[in-house]
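In full-length UniProt numbering, the protein residues as written are 1 to 690.
Here is the structure we will look at.
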Amino acid sequence: MVRLATAVVVVGSLVASTATGGTAHRPAPPPTAVVDWSAERQTVDGFGGAFAFHKAGGIQRLGEPLASRMLDMIFDDQAGIGLDIVRVMVGDGGVWGDQSYDGPTQTIAPEPGMFVWDQPDWAQRKADFDAHQVWLMRQAQVRGVETILASVWSPPAWMKQNNSVTSAGSAGLPNKLRPDMYQAFADYLAEYVLGYEREFGIRITHLSPTNEPDITTGYSSCQWTAEELRVLVRDHLGPTFERRGVAAKIVLGEGVGFHEGYALPAITDPAANQHVDVVAAHGYSGLIDDATRAAPTAFTTSHALGKTIWQTEYMNQGAPRDRLFVNNTISDGLRYATLIGNLFDETRLNAYFWWWPVANNGADGSDLIRLVNTGTPQSGNPTENGQYRIFKRYYTFGQYSRFIDPGDVMIGATRTPVPGVTLTAYKDEATHDFTIVVVNNNADDVPLTVDLAGGFPLPPESRQDCKKGGWATFVNPMFRNQGECVSHVAAGKGPRPSVVPYRTSGNENMKKLADIRTHGGSFSTNLRGRSVTTFVPKWSELPALPDRKDVFSTYLAEENDGQSAGLRVVTTPEHGRVVTGVRDGSHLRWANVNFADGSAAGFADQKGQLRLHATVAPKAGGVIEARIDGPNGPLVGSMTVPPGSGADWVTATTWIDTSPGAANGFHDLYLVFTGDDGALFAVDRAEFSD
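Okay, structure coming up:
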């Protein structure tokens, strides 16, 4: 049903105030951040995501080419955000939930003393065993992923005190491993790692014996105390892995709260600590400052012992955060970008994981990319409709994960060069690549100069560079001697010393921007308000991502993808650059907007609940038509704006028709302006909401 309701709200004034006279002053120099190539910190293990509870099945059911597109968007750093680590669930054989959508997977030991690959019918059953996760791990490996973390939500029911993989089961009995099953559990995990490599060609590099040991739930879970984990690792799991030649590293903790508590007894016991390779935790509690940093003492002992620290699960969880439209926009993306930078800087984090990178899940804030579903019951029925939502957090997460690779080393940098701006930096010593990520939480643009100190291997700009820096320090290009370097500079050959910025903001999705020249080991930039910008050297630039716009972005009038003749851009004191000269028949175009099914926050029960807002300064006034695919294309919304002074800004609103054949799926969006003769409006922006 087409809903073309109209609303107009006054939001500001176009009139510029008159500046008072006075003595002219030289502008203050921009703030400066120093990045020190020589100040090495921790090594980065990578960025990851989980595919537990059959979430890879939703990707498979999309079919080709869409399934491969989703995988590339997650694992490929050329076409996507380049995740480096896959987290999977060690199957427990439970029967809760739906076995295609949200339940656990099969266990390798359905009964004591027998593994599935030892049974006579294994050859027939193998192709269907843990099929979704096995497929996903193989697809990730093809795309370069080498690190796989397998976490245990629950041991098989026959090992448990309550004889269940969930909090259900024998009344009154704890949801815990039986005391006499510690060694059987260790043997089971060793066999899991060895068997997956032998049977499926999948090398499990990291193994966590417990997921969230502090809770008991109606889905797969198992409670542990920190002391019980110490005993498990010291007396059973560690020695068993050594005895059987299991190379997987042991990850310990993975509690709900972001702290070292569940690993603390083990890492302070030398006999257990020798087996603990990674201290891990989730981010659902314990974060401070609006969940943008860890408590300062969260990993004190881990730091003292030089332990590797991973954050292995976090997402938007719980109402209202998971149901708010704003928590799919740049506001949400900035919070995660700030958190990631703070954890790498202050907590000395080595790896950061999202929960489900791609999923069909009922839309609760769990995903970076959400597969749109029909809203019908999932049990036994495919519900994916081939559409998907990409949230802003996908891009701000990717501002780190796409450019920082396993083995990169964090380096020292000015953390906060100006209030509201945070900066972290990373390098690859072998390739001389580097990555600088800057988060600007300020509403306004901020100028910034970045000094590259400590021996950055930048291309030479002058003969003096060849001499004072040493011709052998340059890598792009490389020189055989100092004379060749001098000749190179004199001839103006080779790559220009420059960095390439990529930016996510309210209206940009990891947009590749123009190169910025470095001069004397420095470069200057302007950080867009509420943005994340990543800078890499010219020699390691990546291609621009495909242009996929979304309803969570702001559409600035002056940054359109096409406009009719006669429109021009002017600068106003309140709204910055705006488009003027709008007359009857004028239009603005934005390409490739993903309307999906019209559920602005991603919920099937909100299908079609999408509104469009246009902020304009009316003069003669008129009608603003929202059309798709052309200025004369299907009408999907309409707003009438009365005449005005041309000085007051108003926001007009219309419902958008997202029914099949209208604004459903990907389309070019046109704003078409109609009215009487003369100037109708100045136009600032368009944006969506639920």
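Just so you know, even glycine gets a beta-carbon here, dropped at the ideal spot from N, CA and C.
Note that the coordinates shown come from a computational prediction; the quantities given were computed from them, not determined experimentally.
Given a cut-off of 8 Å, decide if residue j and residue i are closer than it, judged by their beta-carbon atoms.
i, j, result
"residue 266", "residue 36", "no"
"residue 640", "residue 623", "yes"
"residue 207", "residue 244", "no"
"residue 626", "residue 636", "yes"
"residue 83", "residue 401", "yes"
"residue 691", "residue 90", "Since the first residue of the chain shown is 1 and the last is 690, residue 691 is not available in this structure."
"residue 597", "residue 658", "yes"
"residue 435", "residue 536", "yes"
"residue 671", "residue 619", "no"
"residue 203", "residue 212", "no"
"residue 351", "residue 59", "no"
"residue 356", "residue 50", "yes"
"residue 38", "residue 455", "yes"
"residue 298", "residue 286", "yes"
"residue 126", "residue 242", "no"
"residue 148", "residue 205", "yes"
"residue 548", "residue 369", "no"
"residue 188", "residue 232", "no"
"residue 96", "residue 172", "no"
"residue 277", "residue 308", "yes"
Expressed to the nearest angstrom, what Euclidean distance is found between the alpha-carbon atoms of residue i and residue j?
i, j, result
"residue 582", "residue 648", "16 Å"
"residue 472", "residue 79", "34 Å"
"residue 66", "residue 388", "10 Å"
"residue 562", "residue 683", "14 Å"
"residue 144", "residue 466", "37 Å"
"residue 45", "residue 398", "15 Å"
"residue 22", "residue 447", "Here the model assigns residue 22 a pLDDT of 47, short of 50, so the residue's position is not dependable, and the following value carries that caveat. Going by the C-alpha atoms only, they are around 24 Å apart."
"residue 177", "residue 62", "38 Å"
"residue 170", "residue 161", "8 Å"
"residue 411", "residue 292", "21 Å"
"residue 135", "residue 290", "38 Å"
"residue 586", "residue 661", "24 Å"
"residue 483", "residue 336", "48 Å"
"residue 229", "residue 236", "10 Å"
"residue 164", "residue 175", "8 Å"
"residue 225", "residue 168", "19 Å"
"residue 445", "residue 526", "7 Å"
Which residue wins for smallest C-alpha separation from residue i, given the options the options?
i, options, result
"residue 186", "109, 487, 351, 285", "109"
"residue 74", "685, 628, 353, 417", "353"
"residue 304", "279, 312, 287, 327", "279"
"residue 438", "476, 368, 340", "340"
"residue 105", "225, 131, 81", "131"
"residue 656", "612, 671, 87, 634", "612"
"residue 504", "690, 329, 139", "329"
"residue 474", "516, 450, 510, 429", "429"
"residue 152", "565, 129, 223, 643", "223"
"residue 676", "349, 538, 621", "621"
"residue 407", "259, 43, 48", "43"
"residue 557", "323, 483, 575", "575"
"residue 459", "405, 403, 97, 517", "517"
"residue 464", "417, 520, 452", "520"
"residue 579", "638, 514, 550, 646", "646"
"residue 678", "634, 601, 567", "567"
"residue 643", "264, 674, 184", "674"
Measure the beta-carbon distance from residue i to residue j and round it to whole angstroms, keeping in mind my assumption that it falls under 8 Å.
i, j, result
"residue 555", "residue 592", "At roughly 12 Å, the Cβ-Cβ gap does not stay under 8 Å, so residue 555 and residue 592 are not in contact."
"residue 94", "residue 166", "7 Å"
"residue 610", "residue 688", "6 Å"
"residue 409", "residue 427", "6 Å"
"residue 530", "residue 334", "6 Å"
"residue 361", "residue 383", "Wrong, their Cβ atoms sit about 11 Å apart, outside the cutoff."
"residue 34", "residue 453", "5 Å"
"residue 154", "residue 220", "4 Å"
Counting only the same chain and skipping the five closest in sequence on each side, list residues whose C-beta sits under 6 Å from that of residue i.
i, result
"residue 461", "497"
"residue 571", "577"
"residue 666", "592, 594"
"residue 541", "500"
"residue 599", "606, 607"
"residue 257", "285, 286"
"residue 72", "79, 80"
"residue 214", "255, 256"
Might you give, ordered along the chain, the residues of its own chain that have their beta carbon closer than 8 Å to the beta carbon of residue i, omitting 5 neighbours on each side?
i, result
"residue 415", "345, 422, 423, 424"
"residue 296", "346"
Taking Cβ positions only, does residue i come closer than 8 Å to chain E?
i, result
"residue 678", "The question asks about chain E, but that chain is absent: this structure has only one protein chain."
Ignore the nearest five residues each way along the sequence and tell me which others in residue i's own chain have a CB closer than 7 Å to its CB.
i, result
"residue 191", "108, 115"
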